[in-house]
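Here's the structure, in structure tokens; my notes come after.
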Amino acid sequence: MIIINILISFFLQSILTNFISLNTKFLNPLFVLSSLILICPYFKNNYKYYITALLMGFSYDALFSALPFQNAFVFVLLSYIIRFLYKNFRENFLSIHIFQFIIIFFYRVFDYLLLIMIEDYDFTINNFNKILLSSFLLNMIYITVLYFIMKYITKILEKKFKKNIKKI
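The working numbering applies: residue 35 is where the sequence shown begins, and numbers increase by one.
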């Protein structure tokens, strides 16, 4: 379930980034981040989740980024935030969307800060708001669809095997 989720997210993000302009106002895919949020409850071992986040970050850097290790570092930081959110809030449809909003916000903040430190990047609040808002719509739709698919598949597998398969 986890590997399929991650592979689908990378596949869809790579396809959509080829077809959607970088300057779009509403459709900036961050499907791999959505996947990072949705796979968290399937890990009972924090260490495995953080290693998975690190590997996803390295893969994200290799496929989508010009800066090596940037997203690997950010994905691990975000996985700590995601784990904190799951420990302190109940998982449901609304909370997943709130988690998504928080994680996209922190991802953009970390990304922006790293770009300012590494490159000579002109920081303006308007620039940041434009980038932040462009990330929400498409990713909220994606996490909604993927959330219900994962719930449905988990329910079917639990009935078939008559045990809780949620945690590894």
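All C-beta atoms, glycine included, are put in the ideal place defined by N, C-alpha and C.
Here the structure is a predicted model, which means the values were calculated and not measured.
- request: Check whether the Cβ atoms of residue 50 and residue 63 lie closer than 8 Å to each other.
  value: yes
message: Taking the alpha helix (DSSP H) that residue 105 belongs to, which residues open and close that run?
response: 104-122
- prompt: Would you call the segment 119-132 and the segment 89-104 touching, i.e. three or more CB-CB distances under 8 Å?
  reply: no
field: With 16 other Cβ atoms within 10 Å as the buried cut-off, status of residue 87
entry: buried
field: C-alpha distance - residue 165 paired with residue 47, whole-angstrom precision
entry: 17 Å
task: Count the C-beta pairs between the segment 122-139 and the segment 169-180 that are closer than 8 Å, then say yes if the count reaches three, no if not.
output: yes
- request: Find out if the Cβ-Cβ distance for the pair residue 141, residue 112 is shorter than 8 Å.
  value: yes
field: Span separating the alpha-carbon of residue 68 from that of residue 138
entry: 9 Å
Reduced DSSP category for residue 156 - H, G, I as helix; E, B as strand; rest coil: coil
message: Nearest by alpha-carbon distance to residue 128: which of 181, 65, 54 and 53 is it?
response: 181
field: For residue 80 and residue 36, the rounded distance between their alpha carbons
entry: 15 Å
- prompt: Does DSSP classify residue 54 as helix, strand or coil?
  reply: coil
message: DSSP three-state label for residue 126, please.
response: coil
message: I need the straight-line Cα distance from residue 39 to residue 150, nearest angstrom please.
response: 32 Å
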